[in-house]
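Asker:
There are 2 protein chains.
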Amino acid sequence: MKLSTNEIRRIRSLAQKKYRDEYGLFVVEGEKLVKEAMDSSFEIESIYRAADIGEEAMSRISMLSSPSPVLATVRKPRTFISGSSCPDTPVRNGLYLGLDSLRDPGNLGTILRIADWFGIDGIFAQHDTVDVFNPKTVQATMGAIFRVDFIYADLAAAVRDFIGQGGTVYGTFMDGENIYNAGIRTGNDSPVMIVIGNEANGISAEIAGLVTGRLSIPPYPAGEPGSESLNAAVATAITVAEFRRRLVNP
Amino acid sequence: MKLSTNEIRRIRSLAQKKYRDEYGLFVVEGEKLVKEAMDSSFEIESIYRAADIGEEAMSRISMLSSPSPVLATVRKPRTFISGSSCPDTPVRNGLYLGLDSLRDPGNLGTILRIADWFGIDGIFAQHDTVDVFNPKTVQATMGAIFRVDFIYADLAAAVRDFIGQGGTVYGTFMDGENIYNAGIRTGNDSPVMIVIGNEANGISAEIAGLVTGRLSIPPYPAGEPGSESLNAAVATAITVAEFRRRLVNP
Numbered sequence: 000m001k002l003s004t005n006e007i008r009r010i011r012s013l014a015q016k017k018y019r020d021e022y023g024l025f026v027v028e029g030e031k032l033v034k035e036a037m038d039s040s041f042e043i044e045s046i047y048r049a050a051d052i053g054e055e056a057m058s059r060i061s062m063l064s065s066p067s068p069v070l071a072t073v074r075k076p077r078t079f080i081s082g083s084s085c086p087d088t089p090v091r092n093g094l095y096l097g098l099d100s101l102r103d104p105g106n107l108g109t110i111l112r113i114a115d116w117f118g119i120d121g122i123f124a125q126h127d128t129v130d131v132f133n134p135k136t137v138q139a140t141m142g143a144i145f146r147v148d149f150i151y152a153d154l155a156a157a158v159r160d161f162i163g164q165g166g167t168v169y170g171t172f173m174d175g176e177n178i179y180n181a182g183i184r185t186g187n188d189s190p191v192m193i194v195i196g197n198e199a200n201g202i203s204a205e206i207a208g209l210v211t212g213r214l215s216i217p218p219y220p221a222g223e224p225g226s227e228s229l230n231a232a233v234a235t236a237i238t239v240a241e242f243r244r245r246l247v248n249p
Numbered sequence: 000m001k002l003s004t005n006e007i008r009r010i011r012s013l014a015q016k017k018y019r020d021e022y023g024l025f026v027v028e029g030e031k032l033v034k035e036a037m038d039s040s041f042e043i044e045s046i047y048r049a050a051d052i053g054e055e056a057m058s059r060i061s062m063l064s065s066p067s068p069v070l071a072t073v074r075k076p077r078t079f080i081s082g083s084s085c086p087d088t089p090v091r092n093g094l095y096l097g098l099d100s101l102r103d104p105g106n107l108g109t110i111l112r113i114a115d116w117f118g119i120d121g122i123f124a125q126h127d128t129v130d131v132f133n134p135k136t137v138q139a140t141m142g143a144i145f146r147v148d149f150i151y152a153d154l155a156a157a158v159r160d161f162i163g164q165g166g167t168v169y170g171t172f173m174d175g176e177n178i179y180n181a182g183i184r185t186g187n188d189s190p191v192m193i194v195i196g197n198e199a200n201g202i203s204a205e206i207a208g209l210v211t212g213r214l215s216i217p218p219y220p221a222g223e224p225g226s227e228s229l230n231a232a233v234a235t236a237i238t239v240a241e242f243r244r245r246l247v248n249p
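Protein chains in written order, with numbering that gives the first Met the number 0: chain A, 0 to 249; chain B, 0 to 249.
Quick look at the structure:
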């Protein structure tokens with residue numbers, strides 16, 4: 000099988016959000032990820048194997064520095080990614096994430112992987128958050144993209160709705176309360192959302208004004224961080240791990 | 000000031016470990032990081048500003064997709080990176096990391112940033128761990144590279160030494176004991192090292208045979224992880240945070 004120049008150009012164009020939106024497709028690479036796509040509810044458009052199209056064509060369509068033996072084009076779900084379904088009303092004992100305009104594709108993918116590990120019930124991302132179908136994001140999810148409920152939203156409106164429906168919303172802040180001392184709801188009796196801020200600017204003023212609790216990960220020694228902050232995905236991981244720890248060992 | 004083609008070529012060559020070793024230099028980009036380099040014990044070789052050399056020359060020497068206004072070439076310390084000094088004998092109440100052949104430059108940089116936040120006393124990296132002076136690693140440290148003690152070592156020998164000097168060595172494993180239930184030494188009375196495994200293969204058999212305790216981060220719900228694993232930097236963050244939490248709140 001020989002790939003036409005047009006076909007190669009079409010696949011390569013999916014590196015850009017504009018064309019992912021136009022074609023309604025995104026790219027998945029690697030044996031493991033392509034298998035996970037096939038086993039998921041997502042619809043595969045085409046599968047390209049180096050064994051069929053040749054190593055050279057594969058290196059032209061691949062977005063990886065070391066092309067893998069297989070690449071698939073997969074249909075984007077219309078409004079959200081869903082392992083099951085993205086709930087309109089939050090689950091009573093659900094734990095959700097809110098992402099306030101994250102910019103780094105790798106961070107976003109790592110956060111989906113964390114969400115998958117810790118059984119997060121859904122992710123609400125501010126509209127201008129980096130595209131979850133960015134190839135770097137998809138690869139960093141290690142397949143979590145096929146299992147975690149993800150929706151782009153007006154995050155302030157989503158937070159207001161969530162609170163209106165009896166939910167509690169926490170945010171991570173540099174000057175929040177020490178997460179290990181704070182009295183937190185862990186989501187066992189009412190839904191909880193944890194909002195993670197933008198890498199450079201943190202949580203926006205509007206959403207900061209809405210959250211019910213401000214949390215902070217303490218440096219060690221207390222009050223003497225070497226680094227000014229933690230990476231957004233790292234902060235997400237430590238925070239979510241602590242919510243799960245306290246739910247299991249109250 | 001006009002940069003010669005040779006000068007541009009020399010700086011660009013520092014993207015490769017071979018030339019970083021040959022010249023004994025590495026590259027630091029961005030106002031914040033260059034300032035941290037200048038305030039550190041590291042020796043600056045040259046500083047290049049877009050204002051002096053022009054935007055076009057800057058875009059040629061920069062290793063970032065969006066070049067920053069300033070780039071510095073910095074001398075590599077001979078054997079280790081050091082905020083203070085890398086101890087031959089571990090500090091009595093010290094907490095150390097061992098990195099078993101990490102491959103991803105971004106992961107390594109994020110781990111240095113985590114180590115800086117949580118006051119890690121030193122990092123021992125297996126010799127074939129990705130180069131800590133890789134430009135992606137340096138940028139991901141957000142300046143922690145100038146403050147965290149880091150040494151390349153024969154990790155198995157370092158672990159044996161560490162135990163021989165009264166230290167305890169934990170490793171993170173998929174089938175280790177639940178970190179939240181395990182009785183752990185937190186480093187308040189004797190030194191502790193936490194070993195983090197390679198992204199794909201985990202901790203090598205030799206080092207796995209040496210560690211005093213095997214730990215695991217529980218998924219939620221228990222026994223039902225969506226993802227097969229957590230990213231190496233994320234696992235480091237959750238593990239180190241838990242050691243610090245238990246040291247502060249025993």
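Yeah, the Cβ is synthetic: ideal placement off N, Cα and C, and Gly gets one too. Source: prediction; values computed, not measured.
1) Look at the alpha carbon of B:E28 and the alpha carbon of A:I52, and state the distance between them as a whole number of angstroms.
2) Closer than 6 Å by C-beta to A:V191: which residues in its own chain qualify, once you throw out the five before and the five after it? Chain order, please.
3) Helix or strand or just coil, what does DSSP make of B:L101?
4) Starting from A:I171, trace the beta strand (DSSP E) both ways and give me its first and last residue.
5) Can you confirm whether the segment 61-80 of chain B touches the segment 198-206 of chain A when touching is taken to mean that 3 or more C-beta pairs between the two stretches lie within less than 8 Å?
6) What separation, rounded to the nearest whole angstrom, lies between the Cα atoms of B:E44 and A:S12?
7) Count the other CB atoms within 10 Å of the CB of B:Q15; is the residue buried (16 or more) or exposed (fewer)?
8) Based on the DSSP output, what are the partners of A:T211 in its beta bridges?
9) CB A:S63 to CB A:I195, shorter than 9 Å?
10) On the three-state DSSP scale, how would you describe B:F242?
11) Measure how close the beta-carbons of A:V137 and A:Y169 come, nearest whole angstrom, since I'm counting them as under 8 Å.
12) Can you tell me whether B:D115 is buried or exposed, with buried defined as 16 or more other CB within 10 angstroms of its CB?
13) List the residues of chain A that B:T109 touches, going by C-beta distances under 7 Å, in chain order.
14) Run through chain A and tell me which residues come within less than 7 Å of B:Y179, C-beta to C-beta.
15) Taking only beta-carbon positions, decide if A:C85 is within less than 9 Å of chain B.
16) Is it buried or exposed, B:E254, if we count other Cβ atoms within 10 angstroms and call 16 or more buried?
17) From A:N177 to B:I237, what distance separates their C-alpha atoms?
18) Identify which residue in B:A156, B:F161 and B:K34 has its Cα closest to the Cα of B:E42.
19) Could you check how far apart the C-beta atoms of A:E205 and A:A156 are, in whole angstroms? I think they sit under 8 Å.
20) Would you kindly work out how many angstroms separate the C-alpha atoms of A:P249 and A:R243, rounded to a whole number?
21) Rounded to whole angstroms, what's the CA-CA distance from B:V129 to A:D160? Just pull it up for me.
22) Please confirm if the segment 211-219 of chain A is in contact with the segment 214-222 of chain B, defined as three or more CB-CB distances below 8 Å between the two stretches.
23) Can the beta-carbon of A:E6 be found closer than 9 Å to that of B:G118?
24) Measuring CA to CA, which of A:A56, A:S189, A:S67 and A:N180 is closest to A:D120?
25) Give the interface partners of A:F117 over in chain B, defined as CB-CB distance under 8 Å, in chain order.
26) Quick one: Cα of B:G186 to Cα of B:F123, how far?
27) Could you give the distance in angstroms between the alpha-carbon of B:A50 and the alpha-carbon of B:P68?
28) Using C-beta distances below 7 Å, list every residue in its chain close to B:P89, excluding the 5 sequence neighbours before and after it, in chain order.
29) Find out if the Cβ-Cβ distance for the pair B:P104, B:F25 is shorter than 9 Å.
30) Report the three-state DSSP secondary structure of B:R59 (helix, strand or coil).
31) Establish whether the CB of A:E176 and some CB of chain B are separated by less than 9 Å.
32) Counting only runs that start and end within the segment 2-69 of chain B, where is the alpha helix (DSSP H) found for 4 or more residues in a row?
33) Taking Cβ-Cβ distances shorter than 9 Å, what residues in chain A pair up with B:A152?
34) Bridge partners for A:A236 per DSSP, in chain order?
35) From what residue to what residue does the beta strand (DSSP E) around A:V137 run?
Answerer: Inspection of the coordinates gives the following:
1) In the second sequence, counting from the first residue as 1, residue 28 of chain B sits at position 29. In the first sequence, counting from the first residue as 1, residue 52 of chain A sits at position 53. Approximately 40 Å, taken between the alpha carbons.
2) Indexing the first sequence from 1 puts residue 191 of chain A at position 192. Result list for A:V191: L94, T167 and R184, in chain order.
3) Position 102 of the second sequence holds residue 101 of chain B. Coil.
4) Taking the first sequence and counting its residues from 1, one reaches residue 171 of chain A at position 172. Checking the displayed sequence, the identity of residue 171 of chain A turns out to be Thr instead of Ile. T167 to N177 is the extent of the beta strand (DSSP E) around A:T171.
5) no
6) The sequence position of residue 44 of chain B within the second sequence is 45, counting from 1. The sequence position of residue 12 of chain A within the first sequence is 13, counting from 1. Answer to the nearest angstrom: the Cα atoms are 41 Å apart.
7) Counting from 1 along the second sequence, the entry for residue 15 of chain B is found at position 16. It counts as exposed.
8) Numbered from 1 along the first sequence, position 212 holds the residue referred to as residue 211 of chain A. The partner list for A:T211 (beta bridge, DSSP) is empty, contrary to what the question assumes.
9) As a first step, residue 63 of chain A must be located in the first sequence, where it is residue number 64. As a first step, residue 195 of chain A must be located in the first sequence, where it is residue number 196. Just to set this straight, residue 63 of chain A is Leu in the shown sequence, not Ser. Not closer than 9 Å, so no.
10) As a working mapping, residue 242 of chain B is identified with position 243 in the second sequence. Helix.
11) In the first sequence, counting from the first residue as 1, residue 137 of chain A sits at position 138. In the first sequence, counting from the first residue as 1, residue 169 of chain A sits at position 170. Not really, about 28 Å apart at Cβ, beyond 8 Å.
12) Along the second sequence, one-based indexing puts residue 115 of chain B at 116. That one is buried.
13) The residue labelled residue 109 of chain B in the question sits at position 110 within the second sequence. Neighbours of B:T109 on chain A, chain order: N230 and V233.
14) Sequence index remark: in the second sequence, residue 179 of chain B carries index 180 (1-based). Residues of chain A passing the Cβ test: R244 and N248.
15) In the first sequence, residue 85 of chain A corresponds to position 86, counting from 1. Because A:C85 carries a pLDDT of 48, less than 50, the predicted location of this residue cannot be relied on, and the following value inherits that uncertainty. Cβ-Cβ to chain B under 9 Å: no for A:C85.
16) It is not possible to answer for residue 254 of chain B, since the shown part of chain B is limited to 0 through 249.
17) As a first step, residue 177 of chain A must be located in the first sequence, where it is residue number 178. As a first step, residue 237 of chain B must be located in the second sequence, where it is residue number 238. Approximately 16 Å between the Cα atoms of the pair.
18) As a position in the second sequence, residue 42 of chain B is number 43, starting the count at 1. With distances taken between Cα atoms, B:E42 lies closest to B:K34.
19) Here residue 205 of chain A is taken as the residue at index 206 of the first sequence, counted from 1. Here residue 156 of chain A is taken as the residue at index 157 of the first sequence, counted from 1. Between A:A156 and A:E205 the Cβ distance is about 10 Å, and since that is not below 8 Å, they are no contact.
20) Your numbering for residue 249 of chain A matches position 250 in the first sequence. Your numbering for residue 243 of chain A matches position 244 in the first sequence. Spanning the two alpha carbons is a distance of roughly 10 Å.
21) Here residue 129 of chain B is taken as the residue at index 130 of the second sequence, counted from 1. Here residue 160 of chain A is taken as the residue at index 161 of the first sequence, counted from 1. Answer to the nearest angstrom: the Cα atoms are 46 Å apart.
22) no
23) As a working mapping, residue 6 of chain A is identified with position 7 in the first sequence. As a working mapping, residue 118 of chain B is identified with position 119 in the second sequence. No, the pair does not count as a contact, with Cβ atoms beyond the cut-off.
24) As a working mapping, residue 120 of chain A is identified with position 121 in the first sequence. The residue with the shortest Cα to Cα distance from A:D120 is A:S189.
25) For the purposes of this step, residue 117 of chain A is identified with residue 118 of the first sequence, where counting begins at 1. Within chain B, the residues near A:F117 are P218 and Y219.
26) Mapped onto the second sequence, residue 186 of chain B falls at position 187. Mapped onto the second sequence, residue 123 of chain B falls at position 124. Cα to Cα, B:G186 sits roughly 17 Å from B:F123.
27) In the second sequence, the residue the question calls residue 50 of chain B occupies position 51. In the second sequence, the residue the question calls residue 68 of chain B occupies position 69. C-alpha separation (whole angstroms): 7 Å.
28) Your numbering for residue 89 of chain B matches position 90 in the second sequence. Counting only Cβ-Cβ distances below 7 Å, and skipping sequence neighbours, we find Y95, F161, Q164, G166 and P190.
29) Counted from its first residue, the second sequence places residue 104 of chain B at position 105. Counted from its first residue, the second sequence places residue 25 of chain B at position 26. For B:P104 and B:F25, no; Cβs fall outside 9 Å.
30) Taking the second sequence and counting its residues from 1, the one referred to as residue 59 of chain B is at position 60. Helix at B:R59.
31) Start at 1 with the first residue of the first sequence, and residue 176 of chain A comes out as number 177. Answer no: the Cβ-Cβ gap between A:E176 and chain B never drops below 9 Å.
32) 4-12, 16-22, 30-38, 49-52 and 54-60
33) To locate residue 152 of chain B, count along the second sequence from 1; it is residue 153. The contacting residues do not exist; B:A152 stays about 22 Å from chain A at best.
34) Within the first sequence, the letter at position 237 stands for residue 236 of chain A. DSSP lists no partner for A:A236.
35) Locating residue 137 of chain A in the first sequence gives position 138, where the first residue counts as 1. That residue, A:V137, is in no beta strand (DSSP E); its alpha helix (DSSP H) goes P134 to T140.
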